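Sequences listed follow chains F and G, in order.
Its first residue numbered 1, the first sequence is counted upward by one per residue in this note's numbering.
Its first residue numbered 1, the second sequence is counted upward by one per residue in this note's numbering.
Backbone N, C-alpha and C fix where the C-beta goes; we use that ideal spot for every residue, glycine too.
This structure is a prediction, so every number in the text was calculated from the model and none was measured.
A short write-up of the structure that comes next.
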Amino acid sequence: MVNVKFLQNILEKHEHHFKKGGKFEKLYPLWEAQETILFTQTKGAPGAPHVRDSLDAKRLMTVVIVALLPALFFGAYNTGLQNALAAGETTSQIGPLLISGFITILPIIIVSYAAGGFWEVLFSVVRKHEINEGFLVTGILFPLILPASIPLWQVAVGISFGVVIGKEVFGGTGMNILNPALTARAFLYFSYPVQISGDKVWTTVDGFSGATPLATAAQTSSGGNAMDSLAQAGVTLSDLFYGFVPGSIGETSALAILIGAALLLITGIASWRIMLSVAVGAIITSVGFNQLAGDNLPGILSLDWKYQMTMGGLLFGAVFMATDPVTGCRTNTGKYIYGFLIGMLTILVRLWNPAYPEGAMLAILFMNVFAPLIDHYVVEANIKRRLSRVQV
Amino acid sequence: MATYHIKKGYTIPMKGLPEKNKASIGSPKILGICPTDFRGIKPKLTVKLNDEVKIGSPLFFDKKNPEVQFVSPGCGRISDIIYGPRRKLLDIAITLSEEEDAVDFSSFTDKGIGDASASELKEVLLKSGLWPFLRQRPYNTIAQPEDAPKSVFVNCMDTAPLANDPAFSLMGKEDAFALGIEVLKVLAGDKIHVVTAPEGKAVFDKAKGVHVHEFKGKHPAGLVGTHISKIDPINKGEVVWVINARDLILIGEFFETGKFPTKRVIAVAGNGTKTQQYVEVRAGVKLGDLLEDNLQNGPQRIISGNPLTGVEKSQDSFLSVYDSSVTVLPEPTEKHFLGWCLPGFNRPSFGKSFFSRLIPGKTFAFDTNINGGARAMVQSGLFEGVVALDVMPEFLIKAILAGDIELMEKLGILECDEEDFALCAYVSPSKMEISSIIRDGLELMEKDG
Chain F
1 MVNVKFLQNI
11 LEKHEHHFKK
21 GGKFEKLYPL
31 WEAQETILFT
41 QTKGAPGAPH
51 VRDSLDAKRL
61 MTVVIVALLP
71 ALFFGAYNTG
81 LQNALAAGET
91 TSQIGPLLIS
101 GFITILPIII
111 VSYAAGGFWE
121 VLFSVVRKHE
131 INEGFLVTGI
141 LFPLILPASI
151 PLWQVAVGIS
161 FGVVIGKEVF
171 GGTGMNILNP
181 ALTARAFLYF
191 SYPVQISGDK
201 VWTTVDGFSG
211 ATPLATAAQT
221 SSGGNAMDSL
231 AQAGVTLSDL
241 FYGFVPGSIG
251 ETSALAILIG
261 AALLLITGIA
271 SWRIMLSVAV
281 GAIITSVGFN
291 QLAGDNLPGI
301 LSLDWKYQMT
311 MGGLLFGAVF
321 MATDPVTGCR
331 TNTGKYIYGF
341 LIGMLTILVR
351 LWNPAYPEGA
361 MLAILFMNVF
371 APLIDHYVVE
381 ANIKRRLSRV
391 QV
Chain G
1 MATYHIKKGY
11 TIPMKGLPEK
21 NKASIGSPKI
31 LGICPTDFRG
41 IKPKLTVKLN
51 DEVKIGSPLF
61 FDKKNPEVQF
71 VSPGCGRISD
81 IIYGPRRKLL
91 DIAITLSEEE
101 DAVDFSSFTD
111 KGIGDASASE
121 LKEVLLKSGL
131 WPFLRQRPYN
141 TIAQPEDAPK
151 SVFVNCMDTA
161 PLANDPAFSL
171 MGKEDAFALG
181 IEVLKVLAGD
191 KIHVVTAPEG
201 KAVFDKAKGV
211 HVHEFKGKHP
221 AGLVGTHISK
231 IDPINKGEVV
241 WVINARDLIL
251 IGEFFETGKF
261 PTKRVIAVAG
271 NGTKTQQYVE
281 VRAGVKLGDL
291 LEDNLQNGPQ
301 RIISGNPLTG
311 VEKSQDSFLS
321 VYDSSVTVLP
331 EPTEKHFLGW
341 CLPGFNRPSF
351 GKSFFSRLIP
361 GKTFAFDTNI
371 NGGARAMVQS
381 GLFEGVVALD
391 VMPEFLIKAI
401 LAGDIELMEK
411 LGILECDEED
421 FALCAYVSPS
431 KMEISSIIRD
441 GLELMEKDG
């Protein structure tokens, strides 16, 4: 074990400045945050139970961030890859692509953390509560659902909107109705559509047009076969699965997302009920519409469910966004319904709304709003069961 | 006999389980009683400092139910009466005399209970100070003598971590237990449920004419709240009486001897002690006497009761009337560098995000560290795994926090006690004080509901 006594001594020496009556009393949440990040604390349980589990909010959020790392690293690589393809450069070496990708996306992540963190700390100081780790997740989730070419000022504006309007106005982490990262993205999507959708945003090479697979599929003519359109554009199912396609930074690789999903499921941090039911909802809906596909209907209806699952933001949303414990359903029965409807709505938006090629973001935000209603009816069932006992 | 298998729950893998051997400590010089052990009463003293009392002499009564008397566990002089803030009565200490004398009810008990009426038995239980051992649900307060309970639950098991094992500590008390059951039958008719664990039923076998049930599983399989909800759930307006087997045995012993029983076998547990074992003590033993020369170095927390529901007490205070164990746990002193991101082979958890899960069966030296900072209720689905009642824990907790009495009742608070939710507070990653939230809800309910 590293000897870190000297660090502990430094902390103890300066702590009084941040305690009540100290010079920087107001900044106590900041002090507390760095202190609890460095060392576990020695606070005893205030009452029964006198022992407490080792799991805390920091551990929870750490696991989520680790689960996001495969998507982040692959996103960096793919960003480098798509840029190199657009510029007609060589794509054989992984290292330089990864580095060039990180050079593109690191500023986005830094701006997201800095701007989001500013608001988080400000609200903690004003409200005198501890800084919530939840923002560490939001701050990395948000860049991963943006195109690599996003202007940095939009990153700052978007995350500010997400954190303040999406979360803090409701009282902070745990009280919010909408997923803050998705709120931020939806805000950018409707305010600055030019920089976040269309064919020109997926690489940082000026003027290069590279449609996402979803957009390609959506342009299939009536009665056509969407898989053929994709094949013509050079997109194979294995490309989609591994993620060598244009798209938002963290969303393209189904494989990287599934590795993260496995970690979340093994540790029990995210709900398997939600992940499973999103997939079931999406698959049933797309298979159903496959049967309908015909001459007079949009060609994208013919798109196979395997393509639907690996394309766009659906898988990323199912694993990292729909499972947000705060904004999702909290009852087990509710989780099935909530997840199923997210999957179904995502496919419905993709198939029937030509204005939005991607439906996952809207479907999850929509179901965030309805989650309390679903829970309400599940709870009512428990209440009815209790009342029915009396009559028996 | 019916067997119930409780699938939910968690056995906290704590070190410090008491060894199954009975020790004894020297005769005490001082005994005491803490009126705060009795939930919901308003104690009114009937003795003054320096009064002489016998074993079984009344010390105070409940102003709300004046017939409920609380009696002295020893014979001697009232040597100290300790008040807390707002003159709350905390401790009454009795310095024992050389020769001890007890209030004698044998003129009544010698006749046997065969012909006694329920009201006669109630009267003698109230006068002898044994009535408070009968408790009721909802609210987990002392039973109201005038109530007619719909059933009585006798709990003969304990699944709490480091708990006193009744199959061991009550060995040899078969007859007293059977006699206690006979008393209950007169008081409450034939709806008596005796609940045991799969092992160690021998002590409770002699009880006749009762419904016997067996509960298997992890904690909270041994909580009476779990038993009631599976066997005979409480509806609005109904009352169920509950009593622990060890306390029912005291009632049996009283009817054997005519005197207030003063012997208890308690478990001394927890890795804050040097030796963990069962000790035979007098009721109301001073914790300092009990733990003399047995504490580990460093700051320790002394808990009357088990780690989940016990009460922190000082060495000068006394064993709670209802408790059958004393747990000592070290207070946290060590800070760990970057503790939240280490693999955590040494960090036990109900969840699955620490590597300690790879070593099943391993026990850990716990301290009282809260292990994190307070947050809003974030994670969902954990509470459902540790509450064995048919309630929705998160929604009930939220209703209580909102003070919504109507909703609390609909969500089943009357079936709950804080002990049923102690594991929720244990597992909560947001470090919410769920036990005390449930207690607040019950108090609000009792006052305004």
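In the DSSP annotation of this structure, the continuous segment of the beta strand (DSSP E) that includes G:Lys263 starts and ends at 263 to 269. The continuous stretches of alpha helix (DSSP H) do not include G:Phe60, which lies in the beta strand (DSSP E) extending over residues 58 to 62. Between F:Thr42 and F:Thr79 the beta-carbon gap is near 44 Å, outside 8 Å, which marks them as no contact.
Of the candidates G:Gln276, G:Val427, G:Leu308, G:Phe337, G:Gln276 places its Cα closest to the Cα of G:Leu295.
Counting only runs of 3+ residues, the beta strand (DSSP E) found wholly inside the region 206 to 272 of chain G occupies 211 to 217, 240 to 244, 263 to 269, in chain order. Cβ-Cβ separation between G:Arg137 and G:Ile228: approximately 6 Å, consistent with a contact (criterion under 8 Å). Membership of F:Phe190 in the alpha helix (DSSP H) is indicated by the continuous run 180 to 191. Using a Cβ-Cβ cut-off of 9 Å, F:Gly166 is close to nothing in chain G; its nearest Cβ partner there is about 15 Å away.
In this structure, F:Ile347 sits near F:Gln308, with a CB-CB distance shorter than 8 Å.
Straight through space, the alpha carbons of F:His129 and F:Lys5 are spaced by roughly 28 Å.
No Cβ of chain G is located within less than 8 Å of the beta carbon of F:Val245.
In the three-state reduction of the DSSP assignment, G:Tyr139 falls in the coil class.
Between G:Pro220 and G:Leu17, the CB-CB gap reaches or exceeds 8 Å. Taking 8 Å as the threshold, the shortest C-beta distance from F:Pro29 to chain G does not fall below it. Collapsing the DSSP output to three states places G:Ala148 in coil. The beta carbons of G:Met445 and G:Met408 sit about 6 Å from each other, so the pair counts as a contact at 8 Å.
Residues are counted here when their Cβ sits less than 8 Å from a Cβ of chain G; for the region 44 to 63 of chain F these are Gly44, Ala45, Pro46, Gly47, Ala48, Pro49, His50, Val51, Arg52, Asp53, Ser54, Leu55, Asp56, Ala57, Lys58, Arg59, Leu60, Thr62, Val63, given in chain order. Taking the Cα positions, G:His193 is about 39 Å away from G:Leu96. With its beta carbon less than 8 Å from one in chain G, F:Pro325 belongs to the interface. Ranking G:Ser324, G:Lys335, G:Val152 by CA distance to the CA of G:Val239 puts G:Val152 first. Beta-bridge pairing by DSSP links G:Ile81 to G:Ile92. Each residue's CA atom was taken as its position, placing F:Pro29 and G:Ala376 some 16 Å apart. By the Cβ rule, the region 252 to 271 of chain F does not count as touching the region 113 to 123 of chain F, because fewer than three pairs are nearer than 8 Å.
At a cut-off of 8 Å between beta carbons, G:Lys22 makes no contact with chain F.
In the pairwise beta carbon analysis, the region 198 to 213 of chain G is classified as touching the region 177 to 184 of chain G: at least three pairs are separated by under 8 Å. By the Cβ test, the region 283 to 297 of chain F is not in contact with the region 106 to 113 of chain F, since fewer than three Cβ pairs between them sit closer than 8 Å. In the DSSP assignment, G:Ile33 falls outside any alpha helix (DSSP H) and within the unbroken beta strand (DSSP E) covering 30 to 33. The C-alpha of G:Asn306 lies about 12 Å from the C-alpha of G:Ile12.
At least one C-beta of chain G is nearer than 8 Å to the C-beta of F:Ser271. Rounded to the nearest whole angstrom, the C-alpha separation of F:Leu60 and F:Val280 is 26 Å. Sixteen is the threshold: when 16 or more other Cβ atoms of the shown chains lie within 10 Å of the Cβ of G:Phe350, as they do, the residue is buried. Scanning chain F for C-beta atoms nearer than 7 Å to the C-beta of G:Arg137 yields nothing, as the closest lies near 15 Å away.
Around G:Gly76, the same chain offers Ile94, Thr95, Leu96, Ser97 as residues with beta carbons nearer than 6 Å, after the five sequence neighbours per side are excluded. In the structure shown, G:Gln276 falls within a coil segment according to DSSP collapsed to helix, strand and coil.
Measuring C-alpha to C-alpha distances from G:Phe60 to each of G:Val53, G:Thr46, G:Pro66, G:Gly403 identifies G:Thr46 as the nearest. G:Asp62 and G:Ile78 have their C-alpha atoms some 19 Å from each other.
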